[in-house]
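Colleague:
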Amino acid sequence: MDSKLQLRKRGTVRIVYPTAVQYSKPVAEEKIGGTSETIEQQATQAMAKLLQKLGSKPSNPGSLNSVNIYRQEHIDVWTDLWATGFTISTSKAENSLNGDRINATMYAVLSQVLIQKIRINGLLFLIK
2 MDSKLQLRKR
12 GTVRIVYPTA
22 VQYSKPVAEE
32 KIGGTSETIE
42 QQATQAMAKL
52 LQKLGSKPSN
62 PGSLNSVNIY
72 RQEHIDVWTD
82 LWATGFTIST
92 SKAENSLNGD
102 RINATMYAVL
112 SQVLIQKIRI
122 NGLLFLIK
């Protein structure tokens with residue numbers, strides 16, 4: 002991408018920056034160095050896979066079409082999961098684990114799962 006960007010009057014440009022996030026379990030302070038290197042390598046590998054899926058090289062970002070296809074695949078997996086009728090009540094009852102937090106947690110956890118088979122109510126799902 003050029004270091005300069007010129008816009009037409011009232012024009013817009015969409016810039017998409019793919020990101021890869023890699024987490025670790027909590028580690029003791031004395032083990033941070035080794036863990037940090039491992040996590041960095043895993044994040045780099047995840048980014049390489051993402052860029053390959055988007056059909057691009059680090060110096061040449063993927064086309065908007067490939068980014069949209071990747072985003073749509075993510076949306077489709079979640080839509081299919083919710084279409085089965087799987088849901089959690091969004092009750093705000095006192096002294097209970099409320100559905101909004103459960104749904105947000107489930108989304109956060111399942112978003113980090115790479116092509117796993119998950120069985121819910123007897124139905125098998127492939128999560129990408």
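The opening residue of the sequence shown carries number 2 in the working numbering; numbering runs sequentially from there. Ideal Cβ positions, reconstructed from N, Cα and C, are used throughout, including at glycine. Model, not experiment: these values are computed from the prediction.
Anyone know if the C-beta pair for Leu55 and Tyr71 falls short of 8 Å?
Modeller: For Leu55 and Tyr71, yes; Cβs fall inside 8 Å.
Colleague: DSSP on Gly12, reduced to helix/strand/coil?
Modeller: If DSSP states are grouped into helix, strand and coil, Gly12 belongs with coil.
Colleague: Consult DSSP for Gly86 and reduce its assignment to one of helix, strand or coil.
Modeller: If DSSP states are grouped into helix, strand and coil, Gly86 belongs with coil.
Colleague: Using the Cα positions of Glu31 and Ala44, report the straight-line distance between them to the nearest angstrom.
Modeller: Distance between the alpha carbons of Glu31 and Ala44 is about 21 Å.
Colleague: According to the Cβ coordinates, are Ala21 and Met48 closer than 8 Å?
Modeller: Yes, these two residues count as a Cβ contact at 8 Å.
Colleague: Is Leu6 near Val14, with beta carbons less than 8 Å apart?
Modeller: Yes, the Cβ-Cβ distance between Leu6 and Val14 is below 8 Å.
Colleague: Can you name, in chain order, every residue of its own chain whose Cβ lies under 7 Å from the Cβ of Ser25, other than the five neighbours on each side?
Modeller: Cβ neighbours of Ser25 beyond the five flanking positions: Thr36, Ile40.
Colleague: Hey, would you say Leu52 sits closer than 8 Å to Pro19, going by beta carbons?
Modeller: In contact: Leu52 and Pro19 (Cβ atoms closer than 8 Å).
Colleague: Quick one: residues in its chain with C-beta nearer than 7 Å to the C-beta of Val68, no 5 flanking neighbours on either side, listed in chain order?
Modeller: Excluding residues within five positions, the ones whose Cβ falls inside 7 Å are Val17, Leu55.
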